[in-house]
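First up is the structure itself, then whatever we jot down about it.
2 protein chains.
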Amino acid sequence: MTDKNVDVLAIGNAIVDVIADSGDAFLERHGMTKGSMRLIDSAEAERLYADMGPGRELSGGSAANTVAGLAALGLSTGFIGQLGDDDLGKIFTHDISSLGVDFATAPRSDAGPTARCLILVTPDAQRTMSTFLGAAQQLDRSTIDEERIARARILYLEGYLWDPEEPRAAMQAAIEIARATGTRIAFTLSDSFVVERHRDDFLLLLDEKKIDILFANEMEILHLAQETGLEAAFDRIGAMVTTLVVTRSEHGAIGRSGGERARVKAEPIERLVDTTGAGDLFAAGFLAGEALGKPLEDSLRLGAIAASEVIQHYGARPELDLAALAGPLLR
Amino acid sequence: MTDKNVDVLAIGNAIVDVIADSGDAFLERHGMTKGSMRLIDSAEAERLYADMGPGRELSGGSAANTVAGLAALGLSTGFIGQLGDDDLGKIFTHDISSLGVDFATAPRSDAGPTARCLILVTPDAQRTMSTFLGAAQQLDRSTIDEERIARARILYLEGYLWDPEEPRAAMQAAIEIARATGTRIAFTLSDSFVVERHRDDFLLLLDEKKIDILFANEMEILHLAQETGLEAAFDRIGAMVTTLVVTRSEHGAIGRSGGERARVKAEPIERLVDTTGAGDLFAAGFLAGEALGKPLEDSLRLGAIAASEVIQHYGARPELDLAALAGPLLR
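If you read the protein sequences in the order shown, they are chains A and B. Position 79 of the first sequence, counted from 1, bears residue number 79 in this note's numbering, the numbering being contiguous throughout. Position 264 of the second sequence, counted from 1, bears residue number 1264 in this note's numbering, the numbering being contiguous throughout.
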């Protein structure tokens, strides 16, 4: 078996976030569900952007945020995602590379513009996202390098990328390679609407034991299990996967791994600014613990610490030294 | 005389800021003077960007930040600046237009890429800037619309734009139009190195009474007057211009208008994050007071309030409702 010398390799949407403040009325006028993500085409992206206030552009993308967090925690990471050959693509490449993430997917000039996610942050710090996938949905099988997957301890996949056809096929191929090379597979459900669109696929992946670590928030696990109670959903899905983590915003998180269960509270924060990236960074902290062989409760705590940092500023990537915040938990 | 129905029209560099955290050692390694701005070419911009940490992209440009602040204070504003035909140009256009600023300079595909300013923020919240001017330095005489200048109460010009030849000629033309149409001319010295490069020009402008309102910080006024004491510099330059404003960071600001003098303290702040835009927003507050015919001290106070907001977050444009912060001072 290939030597495992990378902690986490992620496959995800390579996206630049455009973050603007917004009132609730703006969301209503544009028919958005607060806290959710919807896909939009380029015409809608232009309409919405023209109507939005001034933006802050920061690199984003769910799984990309997670590897950024893992890198900030000192782990070795890689990322696979498709960019267009434009300014936003250069921004994404710079930001992720400067964190030390091994990102080697070449931008493509024939794939359309780099994906952007228009994120409206309401005064309650919730984020509502409209994503124009652009080049990201052109991610194809050719970007999946068998050797890179074989060298990773954990392969991390985002549910958002299950929407477009080519990336879905690419992720399915990556799963098979991971299975054959002893790489553990972690998967995030991403969004309850994503779960609604792909419930059968996701349940089949679990049935076939193609996921080792599953991340969900409360809404997502309820939608996946088609239950109305968290306990029932947690038990039903938990029985299908080695490790299940359910994040519960200000109520912390619960986890289950083999027969063991644990729960952690949310970390105290000074001020809530923008919840974008909370789930992504929770996954980063948890996966760091997993990759380092920490007990379940410590991994959950690492997740809570990483999530608490990212919600205290705009943008979905850490600004403070996460390794210092995590302290002895990482050693 | 044309009806004056715009409060402030500004001519400046149309720039997107790329803001990254940095240590002092990084500045030293790259031979930068902390707190200053230097011009770099595209090769140096690429080298420096490659070496920087992850960035936040936000629209910037000194005079553009000032009109953004004026718009946030409820004043009617316009902006003239040259962009390239690229993603960063679209970001700049969106951001300034969404604030209600009348920005009508067409991007040019033959002018090179949109200007960017690489801003390194050290832990003391100071910003050190390296600017690649790109398309901004192609701003030419054809962008100067006589009718627009005639309609403005105040024409605001940034010293930074005195460096490249074509924009300098464009600003000189704008000054003549303003003089002929009863539009007051405000000018900011921008940076002490800019003053060193163009001292004779700036003193000539003052001698010829082509500037009505001059903005400087302490270093800039000392360099312009070639004095070592603030009082002497303030008196010497103050005698050459109707209104002089000298900002003094945490020590507040002093102003002189006709025979009158006034000083204000800096506004108290909760936390200092990034001083980028402090001078630009001070100018916004002060010009709002001037355009509304407020007493000197009130205008200085408006400047201090606007500056205090922008230094408490990353980026050089206001995030909070400046009109609400200013309160009764604006009415």
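Glycine included, each C-beta is placed from N, C-alpha and C at the ideal position. All values derive from a computational prediction rather than experimental measurement.
Asked                                                                                                                                                                                                         : Found
Check this for me: beta carbons of residue 113 (chain A) and residue 86 (chain A), under 7 Å apart or not?                                                                                                    : yes
When you check each C-beta in the stretch 1028–1052 of chain B against every C-beta of chain A, which residues fall closer than 9 Å?                                                                          : 1049, 1050, 1051, 1052
What does residue 1086 (chain B) touch in chain A if you count any residue whose Cβ is under 7 Å from its own?                                                                                                : 87
Quick check on the DSSP output: the beta strand (DSSP E) that includes residue 7 (chain A) runs from which residue to which?                                                                                  : 6–11
Name, going along the chain, the residues of the stretch 54–71 of chain A whose beta-carbon falls closer than 9 Å to a beta-carbon of chain B.                                                                : 54, 55, 56, 57, 58, 59, 68
Enumerate in chain order the residues of its own chain whose CB-to-CB distance from residue 297 (chain A) is below 7 Å, with the five nearest sequence positions on each side excluded.                       : 262, 264
Label residue 1305 (chain B) either buried or exposed according to how many other C-beta atoms from any shown protein chain fall within 10 Å of its C-beta, with 16 as the threshold for buried.              : buried
If you count every other CB in all the chains shown that lies within 10 Å of the CB of residue 98 (chain A), and 16 or more means buried, which is it?                                                        : buried
In chain order, what residues of the stretch 94–126 of chain A put their CB closer than 7 Å to some CB of chain B?                                                                                            : 94, 95, 98, 99
Specify whether the stretch 218–225 of chain A and the stretch 187–201 of chain A touch according to this definition: at least 3 beta carbon pairs, one from each stretch, less than 8 Å apart.               : yes
Can you give me the C-alpha to C-alpha distance between residue 1068 (chain B) and residue 1101 (chain B), rounded to a whole angstrom?                                                                       : 7 Å
Excluding sequence positions up to five away, which residues of its chain have a Cβ less than 8 Å from the Cβ of residue 1228 (chain B)?                                                                      : 1222
Going by C-alpha to C-alpha distance, which of B:1143, B:1134, B:1310 sits closest to residue 1171 (chain B)?                                                                                                 : B:1143
Quick one, which of A:286, A:31, A:136, A:135 has its alpha-carbon nearest residue 244 (chain A)'s?                                                                                                           : A:286
Flag this pair as yes or no: are the beta carbons of residue 173 (chain A) and residue 141 (chain A) separated by less than 7 Å?                                                                              : yes
Residue 1006 (chain B) and residue 1055 (chain B): beta carbons closer than 7 Å?                                                                                                                              : no
Going by Cα to Cα distance, which pick from A:73, A:62, A:134 is closest to residue 83 (chain A)?                                                                                                             : A:134
Give me the residue from A:314, A:319, A:326 with the minimum Cα distance to residue 119 (chain A).                                                                                                           : A:314
Could you give the residue range of the alpha helix (DSSP H) that holds residue 171 (chain A)?                                                                                                                : 165–181
Closest to residue 1214 (chain B) by CA distance: which of B:1197, B:1199, B:1238 is it?                                                                                                                      : B:1238
Considering only C-alpha positions, which residue in the set B:1060, B:1048, B:1013 is nearest to residue 1310 (chain B)?                                                                                     : B:1060
Which residues mark the beginning and the end of the alpha helix (DSSP H) in which residue 66 (chain A) is found?                                                                                             : 62–72
Alpha carbon to alpha carbon, how far is residue 250 (chain A) from residue 294 (chain A)? Give it in angstroms, no decimals.                                                                                 : 23 Å
Sort B:1312, B:1216, B:1289 by Cα distance to residue 1074 (chain B) and report the nearest one.                                                                                                              : B:1289
Let me check understanding here. Comparing Cα to Cα, which of B:1257, B:1044, B:1329, B:1325 lies closest to residue 1186 (chain B)?                                                                          : B:1257
Use the C-beta contact count for residue 1109 (chain B): other C-beta atoms within 10 angstroms, 16 or more gives buried, fewer gives exposed.                                                                : exposed
Would the stretch 1121–1133 of chain B and the stretch 1028–1045 of chain B be scored as touching if the rule is three or more Cβ pairs under 8 Å?                                                            : yes
Going by DSSP, what residue range makes up the alpha helix (DSSP H) through residue 237 (chain A)?                                                                                                            : 230–238
Starting from residue 1098 (chain B), follow the alpha helix (DSSP H) in both directions and report where the run begins and ends.                                                                            : 1087–1098
Thinking C-alpha only, which one of A:34, A:123, A:70, A:253 is nearest residue 1321 (chain B)?                                                                                                               : A:123
Apart from the five residues just before and just after residue 231 (chain A), which ones in its own chain have a Cβ nearer than 7 Å to its Cβ?                                                               : none
I'd like to know whether the C-beta atoms of residue 1300 (chain B) and residue 1233 (chain B) end up nearer to each other than 7 Å.                                                                          : no
Between residue 224 (chain A) and residue 1266 (chain B), what straight-line distance do the alpha-carbon atoms span, to the nearest angstrom?                                                                : 55 Å
Please go through the same chain and pick out, in chain order, the residues whose beta-carbon is closer than 7 Å to the beta-carbon of residue 1291 (chain B), but skip the five residues on each side of it. : 1007, 1008, 1075, 1153, 1154
Taking C-beta to C-beta, are residue 62 (chain A) and residue 156 (chain A) nearer than 7 Å?                                                                                                                  : no
Output the boundary residues of the alpha helix (DSSP H) element that contains residue 190 (chain A).                                                                                                         : No alpha helix (DSSP H) holds residue 190 (chain A); DSSP gives it neither H nor E.
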